[in-house]
Amino acid sequence: MVAAGVAIIFLSTFLIENRKPEFKNSVVYDTIPNTVVYGIVIDSLLVIKDKVRKNQFLSDILSNYSVDYPTIDLLTRKSLLVFDVRKIRAGNNYTALCSNDSVRQLKYLIYEDSPSSYVVFDLNDSIHVHTGEKEIKATIKTASGVIRSSLWDAMVECNTDPELALELSDVYAWTIDFFGIQKGDYFKVIYEELSVEDKFIGFGRIHSAIFNNEGRDYFAFYFVQEDQGDYFDDKGQSLRRTFLKAPLHFKRISSHYSHSRMHPILKVRRPHLGVDYAADYGTPVQTVGDGTVVSAGRDGAAGNMVKVRHNGTYTTAYLHLSKFGPGIWKGAHVRQGDVIGYVGSSGRSTGPHLDFRFYQNGSPVDPLKVQSPPAEPVKASYLSEYWKTVAEYKTKLDSIQTPPKLSGVANR
Numbered sequence: 070m071v072a073a074g075v076a077i078i079f080l081s082t083f084l085i086e087n088r089k090p091e092f093k094n095s096v097v098y099d100t101i102p103n104t105v106v107y108g109i110v111i112d113s114l115l116v117i118k119d120k121v122r123k124n125q126f127l128s129d130i131l132s133n134y135s136v137d138y139p140t141i142d143l144l145t146r147k148s149l150l151v152f153d154v155r156k157i158r159a160g161n162n163y164t165a166l167c168s169n170d171s172v173r174q175l176k177y178l179i180y181e182d183s184p185s186s187y188v189v190f191d192l193n194d195s196i197h198v199h200t201g202e203k204e205i206k207a208t209i210k211t212a213s214g215v216i217r218s219s220l221w222d223a224m225v226e227c228n229t230d231p232e233l234a235l236e237l238s239d240v241y242a243w244t245i246d247f248f249g250i251q252k253g254d255y256f257k258v259i260y261e262e263l264s265v266e267d268k269f270i271g272f273g274r275i276h277s278a279i280f281n282n283e284g285r286d287y288f289a290f291y292f293v294q295e296d297q298g299d300y301f302d303d304k305g306q307s308l309r310r311t312f313l314k315a316p317l318h319f320k321r322i323s324s325h326y327s328h329s330r331m332h333p334i335l336k337v338r339r340p341h342l343g344v345d346y347a348a349d350y351g352t353p354v355q356t357v358g359d360g361t362v363v364s365a366g367r368d369g370a371a372g373n374m375v376k377v378r379h380n381g382t383y384t385t386a387y388l389h390l391s392k393f394g395p396g397i398w399k400g401a402h403v404r405q406g407d408v409i410g411y412v413g414s415s416g417r418s419t420g421p422h423l424d425f426r427f428y429q430n431g432s433p434v435d436p437l438k439v440q441s442p443p444a445e446p447v448k449a450s451y452l453s454e455y456w457k458t459v460a461e462y463k464t465k466l467d468s469i470q471t472p473p474k475l476s477g478v479a480n481r
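For the sequence shown, my numbering assigns the number 70 to the initial residue and increments by one for each residue that follows.
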């Protein structure tokens, strides 16, 4: 890729197999004087763009350009404190800058570690390795949609990347159960779309949103006070709560809290004092609140289980995990949102899911009915500024076209 804001004139594109068979999938670009790529003036160089092949290492790429092994070894050693060359991934882009003559001596190799970051291997007289960042452009966008089946599908219907559904669910993670949303619920959102060289790479911050769930409006406004940003509602209350609404992104609730459930394996009625979330094998499981791990190990029919004590009143348990998260062992301190394990089917289970349990003063309670107290509201000294922010974004949200109502669902 070419650095942001830099013009490269595409004068000729052709397969290198006409000259060098080992580069048959590469593309060559000629450039004009004073062109800069990755911070390098390339007006006298040939630009060759390619991708890392499967099972290809840095040494393989360099060898294709006739770099000798002593030089490859030196580059590898120079990289130790800058970039781990073992992390070069198949499919990532790289650019070779070569002398524009029949020799095509490699002068620079630039590996793109991500859409916005890169590593430069400089093979000139003073061999060295350094990293760089491309300019990331943030563009303010808006989206609105109505729920027909799921938030994900609603994003697709309004021609928005469905990954925005995950970003929005993170904002409302403490206040809305997104697997309990109803047909006819709707949303409006103002957010940042990130791009590098006009190519979409993901989402930035959500600035404000409204989500209407079962006829109730839930506002979210991002606001910074004392150098700390967070989301607050239209009354200045924090959207953050002591506990998350759910410990993972899941497909559906496959079994609710019950004192008399037909066991899917034993075929007898017995209590099921938790909530089963159906999710794909390996889905990350997060602790719903800060706390201390009181146990992490195999526990009979529960399989791999983690228990977290949050305070003197509340404890949570996460059952049937495939494996534990990094650093999760008895006595470990965890913060809300930390990955403590991954969805599996260990123990007595018919398929991958998370059995999530909540205990209050040692007794099980329905996780879906726990009322979590909010975090601190907007500080009094910032309220005047906050109300201005709310007024500004409410006006912008009002200007976003309301999603069409569903047939048979009244306007709210």
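Beta carbons are placed, not taken as given, at the ideal position from N, Cα and C, and that holds for glycine.
**Asked** On the three-state DSSP scale, how would you describe Asn-282?
**Response** The count along the sequence shown starts at 1 and reaches residue 282 at position 213. Three-state result, Asn-282: strand.
**Request:** Please determine, among Glu-445, Pro-395, Arg-417 and Tyr-187, the residue with the shortest C-alpha to C-alpha distance to Gln-355.
**Result:** Against the sequence shown, residue 355 aligns to sequence position 286. The option with the nearest alpha carbon to Gln-355 is Pro-395.
**Prompt:** In terms of alpha-carbon separation, which member of Asn-162, Gly-273, Ala-348 and Tyr-187 lies closest to Thr-208?
**Reply:** Working through the sequence shown from its first residue, we reach residue 208 at position 139. Ranking the options by Cα distance to Thr-208, first place goes to Gly-273.
**Asked** Roughly how many angstroms lie between the CA atoms of Ser-148 and Asp-137, to the nearest whole one?
**Response** Against the sequence shown, residue 148 aligns to sequence position 79. Against the sequence shown, residue 137 aligns to sequence position 68. Whole-angstrom Cα-Cα distance: 17 Å.
**Own chain partners of Thr-458 with C-beta closer than 8 Å, once the 5 adjacent residues on each side are dropped** = Locating residue 458 in the sequence shown gives position 389, counting from the first residue. Cβ neighbours of Thr-458 beyond the five flanking positions: Phe-290 and Phe-292.
**Segment limits, alpha helix (DSSP H) that includes Val-136** = Start at 1 with the first residue of the sequence shown, and residue 136 comes out as number 67. From DSSP, Val-136 is part of no alpha helix (DSSP H); its letter is neither H nor E.
**Rounded separation between Val-198 and Thr-164 - CA only** = Indexing the sequence shown from 1 puts residue 198 at position 129. Indexing the sequence shown from 1 puts residue 164 at position 95. When rounded, the distance between both Cα atoms is 15 Å.
**Item:** Beta-carbon contacts of Ala-370 that lie in its chain and below 6 Å, excluding the five residues immediately before and after
**Value:** Translated into positions along the sequence shown, residue 370 becomes position 301. Excluding residues within five positions, the ones whose Cβ falls inside 6 Å are Gly-416 and Arg-417.
**Message:** Using the three-state DSSP reduction, which class does Tyr-187 fall into: helix, strand or coil?
**Reply:** Walking along the sequence shown from the start, residue 187 turns up at place 118. If DSSP states are grouped into helix, strand and coil, Tyr-187 belongs with the strands.
**Message:** If I follow the unbroken beta strand (DSSP E) through Glu-202, where does it start and stop?
**Reply:** Taking the sequence shown and counting its residues from 1, one reaches residue 202 at position 133. Start and end: 197-202.
**Request:** Could you pull out every residue in the same chain whose Cβ sits closer than 8 Å to the Cβ of Gly-372, ignoring the five residues on either side in sequence?
**Result:** As a first step, residue 372 is located in the sequence shown; it is residue number 303 there, counting from the start. So the list reads Leu-388, His-389, Leu-390, Gly-413, Ser-414, Ser-415, Gly-416, Arg-417 and Ser-418, once near-sequence residues are dropped.
**Prompt:** Alpha carbon to alpha carbon, what distance is there between Arg-367 and Leu-237?
**Reply:** For the purposes of this step, residue 237 is taken as residue 168 along the sequence shown, with counting starting at 1. For the purposes of this step, residue 367 is taken as residue 298 along the sequence shown, with counting starting at 1. Those two C-alpha atoms are separated by around 35 Å.
**Prompt:** Considering only C-alpha positions, which residue in the set Ser-432, His-422, Thr-145 and Tyr-346 is nearest to Gly-381?
**Reply:** Reading the sequence shown from its first residue, position 312 is the one you call residue 381. Here the closest residue by C-alpha is Ser-432.
**Asked** What residues in its chain sit with their C-beta under 6 Å from that of Asp-424, if we drop five residues either side in the sequence?
**Response** Here residue 424 is taken as the residue at index 355 of the sequence shown, counted from 1. So the list reads Gly-343, Asp-345, Leu-388 and His-389, once near-sequence residues are dropped.
**Message:** Just to check my reading of the structure: Pro-442 and Thr-311 have Cβ atoms closer than 8 Å, yes? What is that Cβ distance to the nearest angstrom?
**Reply:** On the sequence shown, residue 442 is found 373 positions in, with the first residue counted as 1. On the sequence shown, residue 311 is found 242 positions in, with the first residue counted as 1. Confirmed, Cβ separation roughly 5 Å.
**Prompt:** Applying the criterion that 16 or more other CB atoms from any shown protein chain within 10 Å of the CB defines a buried residue, is Leu-150 buried or exposed?
**Reply:** Reading the sequence shown from its first residue, position 81 is the one you call residue 150. Under this definition Leu-150 is an exposed residue.
**Supposed close pair Pro-446, Gly-305 - CB separation, criterion 8 Å** = Within the sequence shown, numbered from 1, the residue matching residue 446 stands at position 377. Within the sequence shown, numbered from 1, the residue matching residue 305 stands at position 236. Their Cβ separation, rounded to whole angstroms, is 5 Å, which keeps Pro-446 and Gly-305 in contact under 8 Å.
**Item:** Chain-order list of residues whose beta-carbon lies under 6 Å from that of Leu-178 (same chain, five-residue window excluded)
**Value:** Within the sequence shown, the letter at position 109 stands for residue 178. For Leu-178, where only same-chain residues beyond five positions count, the Cβ hits under 6 Å are Ala-165 and Phe-190.
**Item:** Buried or exposed (CB count within 10 angstroms, at least 16 for buried), Arg-173
**Value:** Walking along the sequence shown from the start, residue 173 turns up at place 104. Classification for Arg-173: buried.
**Buried versus exposed call for Asn-282 [16 or more other C-beta atoms within 10 Å across all chains shown]** = Locating residue 282 in the sequence shown gives position 213, counting from the first residue. Buried: at least 16 other Cβ atoms inside 10 Å.
**Item:** Expected contact under 8 Å - CB spacing of Leu-127 and Ile-196 to nearest Å
**Value:** What you label residue 127 is simply residue 58 of the sequence shown in a count that begins at 1. What you label residue 196 is simply residue 127 of the sequence shown in a count that begins at 1. Not quite, the Cβ-Cβ distance comes to about 14 Å (not below 8 Å), so this is no contact.
**Message:** What residue range does the beta strand (DSSP E) around Val-434 cover?
**Reply:** Here the question's residue 434 lines up with position 365 in the sequence shown. Here the beta strand (DSSP E) through Val-434 covers 432-434.
**Bridge-paired residues (DSSP) for Ala-212** = Looking up residue 212 in the sequence shown gives position 143. Its beta-bridge partners are Val-258.
**Prompt:** Distance, Cα to Cα, Ala-401 vs Lys-392?
**Reply:** To locate residue 401, count along the sequence shown from 1; it is residue 332. To locate residue 392, count along the sequence shown from 1; it is residue 323. Rounded to whole angstroms, Ala-401 to Lys-392 spans 16 Å at the Cα level.
**Prompt:** Are Trp-398 and Arg-309 closer than 7 Å when you measure CB to CB?
**Reply:** Translated into positions along the sequence shown, residue 398 becomes position 329. Translated into positions along the sequence shown, residue 309 becomes position 240. No, the Cβ-Cβ distance between Trp-398 and Arg-309 is not below 7 Å.
**Asked** In the DSSP assignment, what residue or residues form a beta bridge with Tyr-180?
**Response** Translated into the one-based positions of the sequence shown, residue 180 becomes position 111. Answer by DSSP bridge pairing, in chain order: Tyr-163 and Val-188.
**Range of the contiguous beta strand (DSSP E) that encloses Asp-467** = For this step, residue 467 is matched to residue 398 along the sequence shown. Here Asp-467 belongs to no beta strand (DSSP E); instead the alpha helix (DSSP H) covers 452-468.
**CB-CB length for Asp-359 against Val-403, believed under 8 Å** = Here residue 359 corresponds to residue number 290 of the sequence shown, with the count starting at 1. Here residue 403 corresponds to residue number 334 of the sequence shown, with the count starting at 1. Indeed they touch by this definition, with Cβ atoms about 7 Å apart.
**Asked** Which residues bound the alpha helix (DSSP H) around Leu-482?
**Response** Coverage of the chain is limited to positions 70 through 481, which leaves residue 482 absent and any answer about it impossible.
**Asked** Rounded to whole angstroms, how far is the Cβ of Pro-316 from the Cβ of Val-357, which I believe are closer than 8 Å?
**Response** Within the sequence shown, numbered from 1, the residue matching residue 316 stands at position 247. Within the sequence shown, numbered from 1, the residue matching residue 357 stands at position 288. At roughly 5 Å, the Cβ-Cβ gap stays under 8 Å, so Pro-316 and Val-357 are in contact.
**Request:** Have a look at the DSSP bridge pairing and note the partners of His-402.
**Result:** The sequence position of residue 402 within the sequence shown is 333, counting from 1. Paired residue(s): Thr-361.
**Item:** Same chain only: Cβ atoms within 7 Å of Ala-479, ignoring 5 sequence neighbours per side
**Value:** The count along the sequence shown starts at 1 and reaches residue 479 at position 410. Low local confidence applies: a pLDDT of 42 at Ala-479 is under 50, so the model's placement there is unreliable, with the coordinate-based value given in what follows. Around Ala-479: no qualifying Cβ.
**Request:** Whole angstroms is fine: what's the gap from Asn-430's alpha carbon to Ala-347's?
**Result:** Taking the first residue of the sequence shown as 1, we reach residue 430 at position 361. Taking the first residue of the sequence shown as 1, we reach residue 347 at position 278. Each residue's alpha carbon lies about 27 Å from the other.
**Item:** C-beta contact flag for Pro-184 and Ile-270 at 7 Å
**Value:** As a first step, residue 184 must be located in the sequence shown, where it is residue number 115. As a first step, residue 270 must be located in the sequence shown, where it is residue number 201. Their beta carbons are under 7 Å apart, which means Pro-184 touches Ile-270 by this criterion.
**Request:** Could you please give the first and the last residue of the uninterrupted beta strand (DSSP E) stretch that includes Ala-386?
**Result:** Working through the sequence shown from its first residue, we reach residue 386 at position 317. Run containing Ala-386: 383-393, per the beta strand (DSSP E) assignment.
**Request:** Just tell me which of Asp-267, Val-434 and Met-224 has its CA closest to the CA of Glu-204.
**Result:** Taking the sequence shown and counting its residues from 1, one reaches residue 204 at position 135. Taking only the C-alpha atoms, the option nearest Glu-204 is Asp-267.
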